[in-house]
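> The numbering used here numbers the first residue of the sequence shown as 5 and each following residue consecutively. Glycine included, C-beta positions come from ideal geometry on N, C-alpha and C.
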Amino acid sequence: MQATETMALSENAHHVLASDETYIPIIPAEAKTPELTLRSIVWGVAFCVIFTVASAYSGLKVGQVMEAAIPISILTIGLARVFKRRSSLLENVIITGIGGAAGGVVAGAVFTLPALYILHLDPHPVQTIFICLAGGCLGVLFLIPLRRYFVCEMHGKLPYPEATAIAEVLVTGENGGSQARLLLQATAIAGVYDLFVTTFQVWKEYVDFQFVPLMHSLADRARMVFRFDAISFILGLGYVMGLRSSMILCAGGVLSNFVLVPLIWFIGSHLDSSVYPAVIPISKMTAVEIYRNYVRFIGVGAIATAGIFGIIRSLKVVAGSFGIALRTFRHGEVAQPERTDRDIPMIAILLGVVIGAIGIAAFFGNLPVSWTVITIGLAMTLLFSFFFTSVAANAIATTARNPVSGMTMLTIIISSAVLLRFGLSGTAGMFFVMAIAGMVCTALSVSGQTITDLKVGYWLGSTPGAQEKVKFLGVIASAIAVGLTIVMLAHSFQFGEAVAGNLNPVLPSPQASIMKALVEGFMSHQPVAYLLFGIGAMIALALEMLGQPSLIFALGMYLPLELNTPALVGGFLSHFLNKRSEKAGGEPGKRIRDRGVIIASGLMAGGALGGVLGAALRLFPVYREDLIKTPFYSSDSVSQSVSALFFVGLCFYVWFGAMKRQKES
Numbered sequence: 005m006q007a008t009e010t011m012a013l014s015e016n017a018h019h020v021l022a023s024d025e026t027y028i029p030i031i032p033a034e035a036k037t038p039e040l041t042l043r044s045i046v047w048g049v050a051f052c053v054i055f056t057v058a059s060a061y062s063g064l065k066v067g068q069v070m071e072a073a074i075p076i077s078i079l080t081i082g083l084a085r086v087f088k089r090r091s092s093l094l095e096n097v098i099i100t101g102i103g104g105a106a107g108g109v110v111a112g113a114v115f116t117l118p119a120l121y122i123l124h125l126d127p128h129p130v131q132t133i134f135i136c137l138a139g140g141c142l143g144v145l146f147l148i149p150l151r152r153y154f155v156c157e158m159h160g161k162l163p164y165p166e167a168t169a170i171a172e173v174l175v176t177g178e179n180g181g182s183q184a185r186l187l188l189q190a191t192a193i194a195g196v197y198d199l200f201v202t203t204f205q206v207w208k209e210y211v212d213f214q215f216v217p218l219m220h221s222l223a224d225r226a227r228m229v230f231r232f233d234a235i236s237f238i239l240g241l242g243y244v245m246g247l248r249s250s251m252i253l254c255a256g257g258v259l260s261n262f263v264l265v266p267l268i269w270f271i272g273s274h275l276d277s278s279v280y281p282a283v284i285p286i287s288k289m290t291a292v293e294i295y296r297n298y299v300r301f302i303g304v305g306a307i308a309t310a311g312i313f314g315i316i317r318s319l320k321v322v323a324g325s326f327g328i329a330l331r332t333f334r335h336g337e338v339a340q341p342e343r344t345d346r347d348i349p350m351i352a353i354l355l356g357v358v359i360g361a362i363g364i365a366a367f368f369g370n371l372p373v374s375w376t377v378i379t380i381g382l383a384m385t386l387l388f389s390f391f392f393t394s395v396a397a398n399a400i401a402t403t404a405r406n407p408v409s410g411m412t413m414l415t416i417i418i419s420s421a422v423l424l425r426f427g428l429s430g431t432a433g434m435f436f437v438m439a440i441a442g443m444v445c446t447a448l449s450v451s452g453q454t455i456t457d458l459k460v461g462y463w464l465g466s467t468p469g470a471q472e473k474v475k476f477l478g479v480i481a482s483a484i485a486v487g488l489t490i491v492m493l494a495h496s497f498q499f500g501e502a503v504a505g506n507l508n509p510v511l512p513s514p515q516a517s518i519m520k521a522l523v524e525g526f527m528s529h530q531p532v533a534y535l536l537f538g539i540g541a542m543i544a545l546a547l548e549m550l551g552q553p554s555l556i557f558a559l560g561m562y563l564p565l566e567l568n569t570p571a572l573v574g575g576f577l578s579h580f581l582n583k584r585s586e587k588a589g590g591e592p593g594k595r596i597r598d599r600g601v602i603i604a605s606g607l608m609a610g611g612a613l614g615g616v617l618g619a620a621l622r623l624f625p626v627y628r629e630d631l632i633k634t635p636f637y638s639s640d641s642v643s644q645s646v647s648a649l650f651f652v653g654l655c656f657y658v659w660f661g662a663m664k665r666q667k668e669s
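Okay, here's the thing in structure tokens:
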């Protein structure tokens, strides 16, 4: 099936299906289209390795893992035209899927494994690779039974912002014409905008209006601080999320920043001693420090509890998948659903989990621990990986934000608390717990990225089984690449902070440094802040009782406020443009909706590209933020006002860009 000018997602691609309605992908199940070819596999692996190495270095240096899937989808469109036989749409999906594994595996690796080097527990290269490989494979294996629930059952109920952007890039690139020009225009504008704002000192990226006396007084007296990240990527993200999801997300941020932080300040502002888990008195804390030391743990508890409710809701579909597998095993029945609904067989998934469990047990068995500890460690690794797979899939499908660090922190805290009761502590305990955390972190990172691929495939007409098979290939390639990269960098750099007498340059590894401090504290028998987690759990329970999506709210509590507020602006833009499209009706109304989604997808794609380029520039010694600096940058009042005005300009661009065709018609 060749691309045509009329190739487009169905009208019901983003809407809940009626009981008698079926979603028809761009390439229907009966079509014969090149998909799993040597070309798609080779280029997918090549992109995967390249982005893995680059992301690993940037993640360790600046704490920013390069976004892989969206830039690779753009590169894939250009690559398709190089060959005599133009690559098919489904081949491009496979390339993007394999290459996209880089982001998930790298996030899992750089957030955890450098902590072992900071603790001077230098792992063997094979251990480093195995932790990434085992975690990544578990993430894919545990997600497959959930595919029908998240991709099919929840169709139209979850916005899938990142998947929407990738699908729009692939489809629009195939079509060419005016839509492709619009996408490229939005991508170019967002790429340049985000590159300069986040990489150089042109104007402030974050707007907090602290130069306004009222705002400064609120921050000083009540620790109420409003922050806004004025970049195009989050604007596009909020547009695709829609108004309801972005409002719930922002509501969580409002509770954290304008209720809990001021409340903790009010109670503790007169205390001269620290209150655990903080190490400094509340009276000496800023709003950000109160959030990091207390409120963030409440958010983690809320996310974990919301995840439990998500698993309960998906059990029916998961049980159905296992039921089909059991009938096949007992009676030899071979279920043959249509191509676009065909997963890897459940028996193969169960076999993969068993092999993975044996491998993990063997890995733990080579450590100086008892068989009891090995059994408990294996159980926690499998349990956390399965549990957080659902959390990650739901989070990515809703907000395109994976709470990787929060869930990894929770893994470290619970694992440490449990293993301490069985006598495991000291350096052996630190290595063991960080190995569990590394596998779980990689599993939830990869599962979040995989659900994006599967949703793109669902919209476009890919074979799920083919996507799932090649995802393992991407995990293997990325695990080897990131493992060897970390080992190589460990010989030439210091992770974390500089050590006296060591002249090697430093890679700050910010997330791993946090994990190191956490595991070191707990393995030294520090208490666990159960009360904070419990408060978060009760908030999630209250939301479920009210019939509201608790995970989105919990993510809003956990994520910094500056990431939530611009998403709300995008949600309002989407709402009002959809109202205008309904009023216009017919073909003009459809054009408004289509152009709005294309522009928003372009903003996300361009923002991701700008982030990749910015991270790449930071790798060069000659880079400095003030290489490009405007005269007014240091003046908060001017710089933040300029930032706000340009962000408003982006909003006008989205609005008038979407409305343009209506005016022409």
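#1: Along the chain, where does the alpha helix (DSSP H) containing Pro-468 start, and where does it finish?
#2: Between which residues of its own chain and Asp-347 is the CB-CB distance below 7 Å, once the five residues before and five after are set aside?
#3: Mind reading off the beta-carbon distance from Leu-477 to Ile-45? Whole number of angstroms is fine, and I expect it under 8 Å.
#4: So Asn-398 and Leu-555 are in contact, right, with Cβ under 8 Å, and what is the actual spacing, rounded?
#5: DSSP on Glu-668, reduced to helix/strand/coil?
#6: Candidates Thr-80, Val-20 and Lys-208: which alpha carbon is nearest Ile-632's?
#7: I want to know whether the stretch 186-200 touches the stretch 233-244 - three or more CB-CB distances under 8 Å.
#8: Apart from the five residues on each side of it in sequence, which residues of its chain come closer than 7 Å, Cβ to Cβ, to Gly-176?
#9: Note down the Cα distance separating Leu-174 from Ile-81, rounded to an integer number of angstroms.
#10: Between Ser-585 and the rest of its own chain, which residues show a CB-CB distance below 6 Å, the 5 nearest in sequence each way excluded?
#11: Could you check where the alpha helix (DSSP H) with Lys-587 kicks off and where it finishes?
#12: What residues match up with Gln-453 in a beta bridge as DSSP calls it?
#13: Go ahead and label Ser-287 buried or exposed: buried means 16 or more other beta carbons lie within 10 angstroms of its beta carbon, across all protein chains shown.
#14: Go ahead and pull the three-state DSSP assignment for Leu-511.
#15: Under the three-state reduction of DSSP, which class applies to Lys-161: helix, strand or coil?
#16: Under the criterion of a Cβ to heavy atom distance below 8 Å, does Leu-13 qualify as lining the ligand NAD?
#17: Look up Tyr-637 in the DSSP assignment and say whether it is helix, strand or coil.
#18: Would you list, in sequence order, the uninterrupted alpha helix (DSSP H) runs of no fewer than 4 residues that lie entirely inside the stretch 165-196?
#19: Tell me whether Tyr-534 is buried or exposed, calling it buried when 16 or more other Cβ atoms sit within 10 Å of its Cβ.
#20: Please list the terminal residues of the continuous alpha helix (DSSP H) segment that includes Ile-4.
#21: With DSSP run on the structure shown, which of helix, strand or coil describes Val-211?
#22: Going by the beta-carbon positions, is the gap between Ile-78 and Ala-544 smaller than 9 Å?
#23: With DSSP as the reference, identify every bridge partner of Phe-671, one or two as the case may be.
#24: Can you give the Cα-Cα distance for Leu-117 and Met-434, rounded to whole angstroms?
#25: Based on DSSP bridge pairs, tell me the residues matched to Asp-233.
#26: Just tell me which of Ser-638, Ala-33 and Ala-483 has its CA closest to the CA of Asp-345.
#27: Classify Asp-198: buried if its beta carbon has 16 or more other beta carbons within 10 angstroms, exposed otherwise.
#28: Ile-362: buried (16+ other C-beta within 10 angstroms of its C-beta) or exposed?
#29: Please go through the same chain and pick out, in chain order, the residues whose beta-carbon is closer than 7 Å to the beta-carbon of His-18, but skip the five residues on each side of it.
#30: Taking the straight line between their C-alpha atoms, what separation do you get for Ile-76 and Ala-401?
#31: So who's on the other strand from Gln-205, going by DSSP bridges?
#32: With a Cβ-Cβ cutoff of 9 Å, do Met-251 and Leu-572 count as a contact?
#33: For Ala-441, count neighbouring C-beta atoms within 10 Å of its own C-beta (all shown protein chains included) and say buried if the count is 16 or more, exposed if not.
#34: Are the Cβ atoms of Leu-577 and Ala-171 separated by less than 9 Å?
#35: Shortest alpha-carbon distance to Leu-13 belongs to which of Ala-22, Pro-127, Ile-28 and Tyr-298?
#36: Between Gln-498 and Phe-115, what straight-line distance do the alpha-carbon atoms span, to the nearest angstrom?
To lay it out plainly:
#1: 468-496
#2: Correct list, in chain order: Ile-148, Arg-151, Pro-468, Gly-469 and Glu-472.
#3: 7 Å
#4: 5 Å
#5: Any reading at Glu-668 needs caution, since the residue's pLDDT is 45, under 50, leaving its predicted position unreliable; the model's value is listed next. In this structure, Glu-668 counts as helix in the three-state DSSP scheme.
#6: Of Thr-80, Val-20 and Lys-208, the residue nearest in Cα terms is Lys-208.
#7: yes
#8: Looking at the sequence shown, residue 176 is not Gly but Thr. Hits under 7 Å: Gln-183, Ala-184, Leu-187 and Ile-602.
#9: 7 Å
#10: Gly-593, Ile-596 and Arg-597
#11: 565-588
#12: BP columns for Gln-453 are empty, so no partner.
#13: exposed
#14: strand
#15: coil
#16: With respect to the ligand NAD, the structure offers nothing, as it holds no ligand at all.
#17: Here Tyr-637 sits in coil by DSSP.
#18: 165-179
#19: That one is exposed.
#20: One cannot answer for residue 4 here, as it falls past the ends of the chain, which runs 5 to 669.
#21: strand
#22: no
#23: Residue 671 lies beyond the residue range present for the chain, which begins at 5 and ends at 669; the question has no answer from this structure.
#24: 11 Å
#25: Tyr-210.
#26: Of the candidates Ser-638, Ala-33 and Ala-483, the residue whose Cα lies closest to the Cα of Asp-345 is Ala-33.
#27: buried
#28: exposed
#29: Gly-160
#30: 19 Å
#31: Gln-205 pairs with Lys-633.
#32: yes
#33: buried
#34: no
#35: Leu-13 has its Cα closest to that of Ile-28, out of Ala-22, Pro-127, Ile-28 and Tyr-298.
#36: 15 Å
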